[in-house]
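Engineer: Under our numbering, the first residue of the sequence shown carries the number 3, and numbering increases by one thereafter. Ideal Cβ positions, reconstructed from N, Cα and C, are used throughout, including at glycine.
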Amino acid sequence: AAWGGKLFLGTLDGRLIDGRLIDGRLIDVAGPDAEQPEAAAEPSGWRDPAIVEGYLARTDRLAPRRAGEQALLDVVPSHVGRVLDLGCGDGRLGALVLEHHPEVDEVVCVDRSAEMLQRARARSAEDARLSVHSHDLAEPITRWGDFDLIVSGLAIHHLDDDRKRALFGEIAAQLRPGGV
């Protein structure tokens, strides 16, 4: 399926990708010489409460994260019914979308880290439209249904490249017409 011109920021083949997915092909506009970020913590570290706390304290202060959140808000469609947050961490992106788009009916947050899910559930207690579920992104996301908006922040890079490719196909297939 064509996914014309949707913005994509992430990693593929160990490199930062800044590009667009056009007709199912990822077009990298950053190029092979793009500055690469520091390596992320190993996924197994997300079981350690100290690592989770340190990560959340650091990332809240990162200017690139705040810029990415603003970029997300800039591309949210005019009507959003359902949102899927892949690798939701503490639920920050889902809550951000709800804060700026009160018309949203539901935000489904998925993550595999029990420590992060605990924090996301605490956040979701503030808004019944936010639901939090355990799910490993190494597994297909098709069970969650279709969405107007699918977001992910700092999670997909943990997957191997073959799974990233498959996940992007699943995302494209699960977007409703006009979805991002």
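(1) Whose CA, out of Ile173, His160 and Ala127, lies closest to the CA of Arg145?
(2) For a test of the three-state rule: what should DSSP assign to Leu128, helix, strand or coil?
(3) Three-state secondary structure (DSSP) at Arg121?
(4) Inspect the CB distances between the stretch 75 to 90 and the stretch 147 to 159 and report whether three or more fall short of 8 Å.
(5) By alpha-carbon positions, which one of Asp138, Glu71 and Ile143 ends up nearest to Glu101?
(6) Helix, strand or coil for Ile173 per DSSP?
(7) Which residue wins for smallest C-alpha separation from Leu95, given the options Ala116, Ser80 and Arg121?
(8) What number of angstroms, rounded off, separates the C-alpha of Leu64 from the C-alpha of Gly180?
(9) Roughly how many angstroms separate the alpha carbons of Glu108 and Pro79, rounded to a whole number?
(10) What does the alpha-carbon distance come out to for the pair Leu161 and Val110?
(11) Look at the alpha carbon of Ala41 and the alpha carbon of Ile53, and state the distance between them as a whole number of angstroms.
(12) Excluding the 5 residues preceding and the 5 following Asp92 in the sequence, name in chain order all residues of the same chain whose CB lies nearer than 7 Å to its CB.
Structural biologist: From the atom records:
(1) Ile173
(2) Going by the sequence as given, residue 128 is Glu instead of Leu. Correct three-state label for Glu128: coil.
(3) helix
(4) yes
(5) Glu71
(6) helix
(7) Arg121
(8) 31 Å
(9) 15 Å
(10) 20 Å
(11) Only weak support is given to the placement of Ala41: the predicted model assigns it a pLDDT of 38, under 50, and the value that follows is read from those uncertain coordinates. So the alpha carbons of these two residues sit roughly 15 Å apart.
(12) Leu58, Met118, Arg121, Ala122 and Arg125
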